[in-house]
Amino acid sequence: MPSSKALSRIDIVRSSQVIEMNEHPVDAIRKKKDASIVVAFDLVKQGRANAVVSAGNSGATLAAGMRKLGRLKGVARPGIASTFPTLKKPVVLMDIGANVDCKPLHLFQFGVMASAYSCIHGIKNPTIGLLSNGEESGKGNALVKETHQLLADSSLNFIGNVEGRDVYQGNVDVIICDGFVGNVCLKISEGLADAAMQMLRDEIMKSTLAKIGYLLARPAFKAFKKRVDYTEYGGAPLLGINGTGIVSHGKSNARAIKNAILEAINMERHHVGQAILEGLALEEQNSGGCSS
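So the sequence shown is numbered by our numbering: it starts at -3 and just counts up by one.
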């Protein structure tokens, strides 16, 4: 149980409505003005809170953040970023579902915003890769090709295209894609991780020798599980809104929520919003304005 001192720092603000996971985000926040997600962002707008952490409807969380706090100046489309483990280091992927239909400018700005976000974790001049079906600059659909040119002409540390097979190699700090591709990539990764763990359990249970081997290798398995555990990262930041918001997984446990809150605090302390504004201003100055 939390101490009385800890409990004294918590204020409970009541709301009478809930936005369900299957509801249309924009329609839901318009109809349910007293929903918990809407009320939470309203508290930030009023100055009674500094950030919002939600494990609810991610689309509604982003929509409520935009409606109550607005977008940062110059941001065409706010998005959702996600940090995940790779062979070498944690990597930021953006967008993971907020924007399924994008223009080159949107993806370019995802690069600016995700780069600014990466810096708060001590990464100087983050390397950026564009998710495509080939490493060559001529690969990809029209969206990817035009985005590639924008990134190549910018002052960002863009290293080129990244193929799906290289996502988990950790050769870049940031990977950019539209929300449709990003969400599919994220969900496939989650499903693969669950399936791989279940396959391993099934094989272990097939023989006594395998069970003994598991017991001997248990410390390594525990370390691996912690390394790929989503709760270590807490949640996905909403980048581009005029405030701080974190979207946590719908099945988040207490550890995940705790880490999401810590990440929100970290974003506030490092003024991520201001860093994004400065990044956008720099690119605007260097290019004389880009629009696609």
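Even glycine gets a Cβ: it sits at the ideal position worked out from N, Cα and C.
So, helix, strand or coil for residue i, using DSSP?
i: A77; result: strand
i: N282; result: helix
i: T82; result: coil
i: L235; result: strand
i: V14; result: coil
i: R26; result: helix
i: P(-2); result: coil
i: I8; result: coil
i: V316; result: Past the edges of the chain, shown from -3 to 288, lies residue 316, and the structure says nothing about it.
i: K120; result: coil
i: Y229; result: coil
i: K207; result: helix
i: L3; result: helix
List the DSSP bridge partners of residue i.
i: N157; result: L126
i: L152; result: DSSP lists no partner for L152.
i: T240; result: A47
Could you spell out the range, first to last residue, of the alpha helix (DSSP H) harbouring residue i?
i: A148; result: 138 to 148
i: A110; result: 100 to 115
i: A219; result: 214 to 224
i: M193; result: 175 to 200
Looking at chain C, is there any beta carbon in it that lies within less than 7 Å of the beta carbon of residue i?
i: G134; result: The chain labelled as chain C is not found in the depicted structure, where only one protein chain is given.
Considering Cα atoms alone, identify which of the options is closest to residue i.
i: Q165; options: G209, S151, L235, V88; result: V88
i: P86; options: R73, T123, L258; result: T123
i: H117; options: L3, G134, A271; result: A271
i: L152; options: A110, S133, F176; result: A110
i: G175; options: L196, Q281, S283, R73; result: R73
i: D149; options: V268, E159, L196, P100; result: P100
i: D299; options: G43, K135, G275, I172; result: Outside the modelled stretch of the chain, which goes from -3 to 288, sits residue 299, for which no answer is possible.
i: L103; options: E132, L68, K141; result: K141
i: V180; options: G241, S203, G70, A94; result: A94
i: Y229; options: G239, A250, I6, G107; result: A250
i: H144; options: G246, V163, I242, G107; result: G107
i: G156; options: G178, L182, N129; result: N129
i: P233; options: V40, S78, R44; result: S78
i: K254; options: L182, A31, R223, S50; result: S50
i: G241; options: K247, L258, A24; result: L258
i: L273; options: A59, I8, Q105, N18; result: Q105
i: D310; options: L139, H245, L212; result: What is shown of the chain runs -3 to 288, which leaves residue 310 out entirely.
Looking at the secondary structure, which residues open and close the beta strand (DSSP E) in which residue i lies?
i: V163; result: That residue, V163, is in no beta strand (DSSP E); it is neither H nor E in DSSP.
i: I171; result: 170 to 172
Item to complete: At 4 residues or longer, and completely inside the segment 242 to 284: list those alpha helix (DSSP H) runs for me, N to C.
Response: 250 to 265, 268 to 283
Fill in: Every unbroken beta strand (DSSP E) within the segment 26 to 77, with a cutoff of 3 residues, ordered by chain
47 to 50
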